[in-house]
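Heads up: the sequence shown at position 323 corresponds to 645 in this note's numbering, and the numbers run straight through without jumps. Ideal placement from N, C-alpha and C gives every residue a C-beta, glycine not left out. None of these values were measured; they are calculated from a predicted model. Scroll down for the structure; my scribbles are underneath it.
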Amino acid sequence: MKIRNGAQYMDSLRKLKPRIYYKGKPIDDVTRHPATAPHIRSAAMTYALAGSDEYGDLATAVSHLTGRTISRFTHVHQNVEDLIKKIKLLRVLGQKTGTCFQRCVGLDGINATYSVAYEMDEKYGTNYLERFKKWLIRIQDENLMVVGAMTDPKGDRSKSPADQPDPDQYVHVVERREGGIVIRGAKLHMTGAVNSHEILVMPTTAMNERSRDWAVVCAVPVDAPGITMIFGRQASDDRRDRRERIDVGKPSFGAVGGEAVIAFEDVFVPHERVFMDGETDFTGTLVYRFAAHHRANYGACKTGLMDVLTGAVAYLVQIQGTAKGSHVRDKITEMIHLNETLYSSSIACSAEGWPTPSGAYMVDTMLANVCKQNITRFHFEVARLAVDLAGGFLATLPSQYDLESEDVGHLVRKYFSGAQGIPTEHRIKIARMIEAMTGGTALIESMHGAGSPQAQRIMILREGQLDKKIRLAKALIGIPQKN
Ligand code: SF4
Ligand code: FE
Numbered sequence: 323m324k325i326r327n328g329a330q331y332m333d334s335l336r337k338l339k340p341r342i343y344y345k346g347k348p349i350d351d352v353t354r355h356p357a358t359a360p361h362i363r364s365a366a367m368t369y370a371l372a373g374s375d376e377y378g379d380l381a382t383a384v385s386h387l388t389g390r391t392i393s394r395f396t397h398v399h400q401n402v403e404d405l406i407k408k409i410k411l412l413r414v415l416g417q418k419t420g421t422c423f424q425r426c427v428g429l430d431g432i433n434a435t436y437s438v439a440y441e442m443d444e445k446y447g448t449n450y451l452e453r454f455k456k457w458l459i460r461i462q463d464e465n466l467m468v469v470g471a472m473t474d475p476k477g478d479r480s481k482s483p484a485d486q487p488d489p490d491q492y493v494h495v496v497e498r499r500e501g502g503i504v505i506r507g508a509k510l511h512m513t514g515a516v517n518s519h520e521i522l523v524m525p526t527t528a529m530n531e532r533s534r535d536w537a538v539v540c541a542v543p544v545d546a547p548g549i550t551m552i553f554g555r556q557a558s559d560d561r562r563d564r565r566e567r568i569d570v571g572k573p574s575f576g577a578v579g580g581e582a583v584i585a586f587e588d589v590f591v592p593h594e595r596v597f598m599d600g601e602t603d604f605t606g607t608l609v610y611r612f613a614a615h616h617r618a619n620y621g622a623c624k625t626g627l628m629d630v631l632t633g634a635v636a637y638l639v640q641i642q643g644t645a646k647g648s649h650v651r652d653k654i655t656e657m658i659h660l661n662e663t664l665y666s667s668s669i670a671c672s673a674e675g676w677p678t679p680s681g682a683y684m685v686d687t688m689l690a691n692v693c694k695q696n697i698t699r700f701h702f703e704v705a706r707l708a709v710d711l712a713g714g715f716l717a718t719l720p721s722q723y724d725l726e727s728e729d730v731g732h733l734v735r736k737y738f739s740g741a742q743g744i745p746t747e748h749r750i751k752i753a754r755m756i757e758a759m760t761g762g763t764a765l766i767e768s769m770h771g772a773g774s775p776q777a778q779r780i781m782i783l784r785e786g787q788l789d790k791k792i793r794l795a796k797a798l799i800g801i802p803q804k805n
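Pasting the structure below:
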């Protein structure tokens, strides 16, 4: 692996020249800009763990393409053990960063594209898999970060890509030239986009036959001509001033992944980087495999950060002298129980993994959908319990400026103190972290990341085998199956 640690990862980003805007101004160096740097430190943790003695086995894998040791974030899952190791790795990373570390989106895109490329080649005699393998070996050997770019703007949601009044609402091929294609459109909510090396463009939905130009999968360097990114705002991002390290909540890492718009304004993509062009009948499979992998992840990364949140609350109630209350202990028990329930489904859908014809392993899709569906509820319930136990002062705390003020600092220290011997500053720091972890942006990500709740419900009903369940019920009470 060329990039061997977090510092080398940051250096590698400084060598790229992507066009990135935030609050109307360009960002020259994402590794140092206060809006983007916390997210990059979080992604850097994926590099750090790969080199660590303790987690190296989880964070690396042996490439089935080259036999070389690679980051697990660039690996094509070869068996159930790979799927389970990924889940364990994501929980550790959630614990170490308390937030999204972004790199799983590219991993899931790599796995979905690999298996679907194989199946397209089988059916159409194309050579997508060979192209993809070549690209992937470079990603693995150099240990690059890939942003899996799926979600299109979608315009009028009642219309298919080909029927949109504005065809750019879905990324599409606008020209086929000697040597490659030209694409136009945008991808929204792209986690880790500004600190990735490569973009893996994928369709966002199943396409009909008329949408051939929109059925495109390809890889593009982040600084290819014609690409512009706009980094999103997050709750309290103006607090990321050097002086406001306490008020920001988690000073080292962001509240959530760090998302951006990626606009493609006539970007040329050479053929060797094109892995689907017009095979509309495979778009649904590709989207669904990607989504299932990512839904499985949520019961791991989010449980890691909920471990941190539970620990923060458990410490805060100690400081506040309420830790022994029976209802406090019960609520903390419930937080742990909900969290471990989520983790169980992540492990379960991985343990029930199965090989696609390419050999790449898929998670059990029903259990992955159940996992993500529960995230959209349990994460909110865990956050509700955390806010309940922490107390209303989360919302009314004076700022770090007041804490450090010569005029009023003594008042803040005196009246926000807790148990004797514990500095007031500790109580405030913990409260700010809980505020950041239960506030707007973090929870919205759990609701809509990897697909909104309704997307999982559609799949749960579709895969729920209702006919079989009806037959089971009839059989038990002797109703003929034909009635
Ligand atoms: Fe990975 Fe979780 Fe972030 Fe998705 S939300 S990229 S699974 S850390
Ligand atoms: Fe996400």
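| request: May I ask which residues mark the beginning and end of the alpha helix (DSSP H) holding I364? | output: The sequence shown places Ser at residue 364, not Ile. Looking at the DSSP string, the run of the alpha helix (DSSP H) that includes S364 is A359 to A372.
| request: Return the chain-ordered list of same chain residues with a C-beta closer than 8 Å to the C-beta of A797, the five sequence neighbours on each side being excluded. | output: Q803
| said: Just to check my reading of the structure: M769 and A708 have Cβ atoms closer than 8 Å, yes? What is that Cβ distance to the nearest angstrom? | reply: Not really, about 17 Å apart at Cβ, beyond 8 Å.
| Which same chain residues, not among the five before or five after T382, have their C-beta less than 7 Å away from its C-beta? | Within the same chain, T382 has close Cβ partners A372, T391, I392, S393 and R394.
| request: Within its chain, find whatever has a CB closer than 6 Å to the CB of A614; leave out the 5 residues flanking it on each side and keep chain order. | output: V685, T687 and A690
| message | Quick check on D404: does DSSP put it in helix, strand or coil? | response | Here D404 sits in helix by DSSP.
| said: Let me check understanding here. Comparing Cα to Cα, which of W457, L415 and A753 lies closest to K624? | reply: L415
| query | I think G761 touches A634, with their Cβ atoms under 8 Å apart; what is that distance to the nearest whole Å? | reply | 13 Å between Cβ atoms; not a contact.
| In chain order, which beta strand (DSSP E) runs of at least 3 residues are fully inside the segment 529-607? | 538-543, 549-553, 581-592 and 596-599
| Since W457 and A557 are thought to touch, with beta carbons under 8 Å apart, how far apart are those beta carbons, to the nearest angstrom? | The beta carbons of W457 and A557 sit about 37 Å from each other, so the pair does not count as a contact at 8 Å.
| query | For the putative contact between V692 and N517, defined by C-beta atoms under 8 Å, what is the C-beta separation to the nearest angstrom? | reply | Not quite, the Cβ-Cβ distance comes to about 32 Å (not below 8 Å), so this is no contact.
| Simplified DSSP assignment, three categories, for V493 | coil
| request: Figure out for me which residue from I584, V583 and R561 has the closest Cα to the Cα of S574. | output: R561
| task | For Y620, verify whether its CB is less than 7 Å away from any heavy atom of the ligand SF4. | result | yes
| request: Could you name the residues that DSSP lists as bridge partners for K808? | output: There is no way to answer for residue 808, as the model of the chain reaches only from 323 to 805.
| said: I'd like to check one pair, I432 with L335: are the Cβ atoms closer than 8 Å? | reply: no
| field | Status (buried if at least 16 other CB within 10 Å, exposed otherwise) for A717 | value | Burial call: exposed.
| Expressed to the nearest angstrom, what Euclidean distance is found between the alpha-carbon atoms of G514 and G328? | 15 Å
| request: Kindly identify the DSSP beta-bridge partner or partners of L638. | output: In the DSSP output, where bridge partners are listed per residue, L638 has none listed.
| query | Got a sec, what are the start and stop residues for the beta strand (DSSP E) G470 sits in? | reply | Per DSSP, the continuous beta strand (DSSP E) segment holding G470 begins and ends at V468 to A471.
| DSSP three-state assignment for A383, whether helix, strand or coil | strand
| Mind pulling the alpha helix (DSSP H) runs of 4 or more residues that sit fully within the segment 434-458? | Those alpha helix (DSSP H) runs which fall completely within the segment 434-458 and span 4+ residues do not exist here.
| Anyone know if the C-beta pair for G740 and I654 falls short of 8 Å? | no
| request: Quick one: give me the first and last residue of the beta strand (DSSP E) that A508 is part of. | output: G502 to T513
| task | Check whether the Cβ of C623 lies closer than 7 Å to any heavy atom of the ligand SF4, and answer yes or no. | result | yes
| request: State yes or no: is the C-beta of T513 nearer than 7 Å to some heavy atom of the ligand FE? | output: yes
| task | Give the single residue among P679, N619 and L711 whose Cα lies nearest to the Cα of H649. | result | L711
| task | Give a yes or no on whether the C-beta atoms belonging to T526 and D599 are separated by under 8 Å. | result | No.
| request: Taking E785 as the reference, give the member of F700, V639, A622 and Y610 with the closest Cα. | output: Of F700, V639, A622 and Y610, the residue nearest in Cα terms is Y610.
| Supposed contact pair L725 and E703 - C-beta distance, whole angstroms, cut 8 Å | At roughly 32 Å, the Cβ-Cβ gap does not stay under 8 Å, so E703 and L725 are not in contact.
| What separation, rounded to the nearest whole angstrom, lies between the Cα atoms of G643 and K736? | One C-alpha to the other measures close to 16 Å.
| CB-CB under 6 Å to M442, same chain, minus the five flanking residues each way: which ones, in chain order? | T448, Y450, E601 and F604
| field | Under the three-state DSSP convention, the category V523 falls into | value | strand
| request: Excluding the 5 residues preceding and the 5 following G502 in the sequence, name in chain order all residues of the same chain whose CB lies nearer than 6 Å to its CB. | output: F590, V591, P592 and H593
| Taking Y343 as the reference, which of A673, V734, I584 and M332 has the closest Cα? | I584
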